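Working notes, beginning with the structure itself.
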Amino acid sequence: MNPATNVNPAVNAKPNTYGHWINGAWHTPSQGHYPIINPATEEVVGHAPEGTADEADAAVDAARAAYEGWSRTPPQQRAAVLDRMAELLAERAGELVPLLQAETGATLRVTAGMQLPPAADRFRRYARGAVEPDTVALAPQPVKSSALAPGGLIGAAAVRRPVGVVGCITSFNFPVANLAGKLAPALAMGNTVVAKPAPQDPLTCLELGPLLKEAGLPDGVFNIVTGSGAEAGEALVAHPGIDMISFTGSTSVGKKIAESAGRTMKRTLMELGGKGAAIVLDDADARVLKSAIGAVASTWSFHSGQICTAPTRVLVHRSLYEQVVTGLSQYAQALTLGDPVDNSTVVGPLISAAQRDRVESYIAGAREQGARIVTGGRRPDLKPGFYVRPTLIADATPEMAVAREELFGPVVVALPYDDEDEAVRIANGTPYGLYDYVFSADAGRAWALAARLRSGNVGINTVQRHPETPFGGFKESGIGRDGGSFGLHAYSELQSLVWPS
Ligand code: NAD
């Protein structure tokens, strides 16, 4: 129940005012609230609590106090809480989806299909994770006597232990799925958590507090503080009571966090920005070209390109270049842009006016530098809302900012190349290395090319995902891996046990 309105926020028609969720209860913020704006209507969806260092401190204290009990809770019991949470998310979808849609501006189709269900899936997946084996048996070793200890056959095992208190700091775009991807494995492993979601869309994340309590999570195991600025997040990163920071966000903020976290030797998991390249090889036949065009077009059609893994650069062999540019241009023009709650809409707004202006400035820069704006590029005649038309830019050079930097919007840059060496050079030519794609009629050739790509993930003829793969970035796209058992292990420390046998 919400302290300010005393109603369940998700079912109240009026914008609701939330508190921080600390130690199993709503906590009235000392610095008041700030409004959360619906990116399509520009109306207030609700009021989120401003966060201070003191409030971050209170949340860390609660998580520390809860750690001993939760880390010693039998794995089956942790699994039952996570399973129940998955059920609750599905049961409450009718209340949560409208809130999530309103604060993110994602289309209803994306919100209902790809925002909330993956969050439930993650709780379900890591319910199984809680009961995965935590011990790696090692072969006994004959060891000679020494000044240290008598010799003999020495046995050993490596056991996964929780890291401790984990600070989960997340980006806008898929707030609940993103947070669930951290929270579920962290809790499964026996850690306690303080979360700090993005300023733009934190309300549904706040709703996770009472839901987890209802699922049976003890007070203090999950806490959440929010804020319009960086204060609460910075305080968590610097806090000596936090053992690990799991961060999803931009590379520039990730670098600041790594620097600050390093001072207290915190473990970090960094899921950062990307500038994905989709390489279309010269052997692509009509079927492969069609799937390449559909895949690259997901940069427009999937949450307006506010996706770290989007194939925002399409590198096409010169012999197919104009064909692909024409195909993409036709695809973009057929996409319906507008009200995200209308079922026929494919492309909704960007998260904020600031993000729209930023994307527009990259397009303007490309235009000034002589690139060809094939389609889009002008602000649509849609008010209110922070809309950007699906935009295709051709004839840019790999050096232009639009071809090197992450825009996080519905903009694709098409670049021609003459041979595979040049394609690899362009693909690897940014500081990022999160997700690349290869489209070819010869999967073996694509596999071999993947070995040359400095990228944590490579899709061959698809942008589809596999939930058990390790997900993360090379280079400045991050450190560590989410996903499947790899994501579970990210929230553990290995402890070695040794004994005479
Ligand atoms: P952002 O880096 O601006 O903010 C992310 C989070 O960090 C927010 O909660 C923010 O309040 C917080 N923050 C900002 N400064 C901080 C500081 N000094 N100390 C602690 N916390 C701080 O990112 P954004 O604009 O919300 O999201 C877009 C970015 O996220 C893009 O770069 C995108 O690629 C990236 N992203 C990556 C993945 C991935 O899995 N690799 C997934 C989604 C988004």
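So the sequence shown is residues 2 to 502, counted in this note's numbering.
For each residue, glycine too, the CB sits at the ideal point set by N, CA and C.
Source: prediction; values computed, not measured.
Apart from the five residues on each side of it in sequence, which residues of its chain come closer than 8 angstroms, Cβ to Cβ, to residue i?
i           : result
residue 1   : Because the chain in this structure spans residues 2 to 502, residue 1 falls outside the shown range and cannot be described.
residue 352 : 40, 105, 106, 173, 174, 201, 202, 307 and 387
Have a look at the DSSP bridge pairing and note the partners of residue i.
i           : result
residue 28  : 21
residue 493 : 163
residue 135 : DSSP, once it has assigned bridges, lists no residue as partnering residue 135.
residue 45  : 38
residue 247 : 169 and 270
residue 318 : 418
residue 281 : 317 and 440
residue 175 : BP columns for residue 175 are empty, so no partner.
residue 487 : Bridge partners of residue 487: none, in fact.
residue 142 : 155
residue 196 : 169 and 225
residue 501 : 155
residue 339 : Paired residue(s): none; residue 339 is not in a bridge.
residue 472 : 483
residue 464 : Looking at the DSSP assignment, residue 464 forms no beta bridge with any residue, so it has no partner.
residue 458 : 436
State buried or exposed for residue i, treating a residue as buried only when at least 16 other CB atoms are found within 10 Å of its CB.
i           : result
residue 302 : buried
residue 323 : exposed
residue 318 : buried
residue 181 : buried
residue 358 : exposed
residue 266 : exposed
residue 379 : exposed
residue 337 : exposed
residue 456 : buried
residue 88  : exposed
residue 270 : buried
residue 256 : exposed
residue 244 : buried
residue 188 : buried
residue 501 : exposed
residue 304 : buried
residue 12  : Its pLDDT being 37, under 50, residue 12 is placed unreliably by the model, and the measurement read from it follows with that caveat. So residue 12 counts as exposed.
residue 498 : exposed
residue 209 : buried
residue 344 : exposed
residue 365 : exposed
residue 134 : exposed
residue 132 : exposed
residue 240 : buried
residue 215 : exposed
For residue i, I'd like the list of residues in its chain whose CB is within less than 6 angstroms of its CB, leaving aside the five on either flank, ordered along the chain.
i           : result
residue 450 : 439
residue 8   : Only weak support is given to the placement of residue 8: the predicted model assigns it a pLDDT of 35, under 50, and the value that follows is read from those uncertain coordinates. Same-chain partners within the cutoff: there are none.
residue 5   : For residue 5, the predicted structure reports a pLDDT of 41, less than 50, and the residue's modelled location is therefore unreliable. A value from the coordinates is still provided. Answer for residue 5: 18, listed in chain order.
residue 504 : The first residue shown for the chain is 2 and the last is 502, placing residue 504 beyond what the model contains.
residue 252 : 273, 274 and 477
residue 20  : 4, 27, 28, 29 and 50
residue 342 : 109
residue 72  : 163 and 191
residue 137 : 159
residue 60  : 23, 195, 224 and 226
Leaving out five residues before and five after residue i in sequence, what residues of the same chain have Cβ atoms less than 7 angstroms from its Cβ?
i           : result
residue 494 : 162 and 164
residue 204 : 19, 37, 46, 47, 49, 100 and 104
residue 431 : 276 and 405
residue 16  : 45, 46, 47 and 48
Report whether the distance from the Cβ of residue i to the nearest heavy atom of the ligand MN is below 7 angstroms.
i           : result
residue 429 : The model on display carries the ligand NAD but not the ligand MN.
Entirely within the stretch 358-441 and at least 4 residues each: give me those alpha helix (DSSP H) ranges in chain order. Counting only runs of 4 or more, we get 402-405 and 421-428.
What runs of the alpha helix (DSSP H), each 4 residues or longer, lie entirely inside the stretch 40-104? List check, alpha helix (DSSP H) in window: 54-72 and 76-92.
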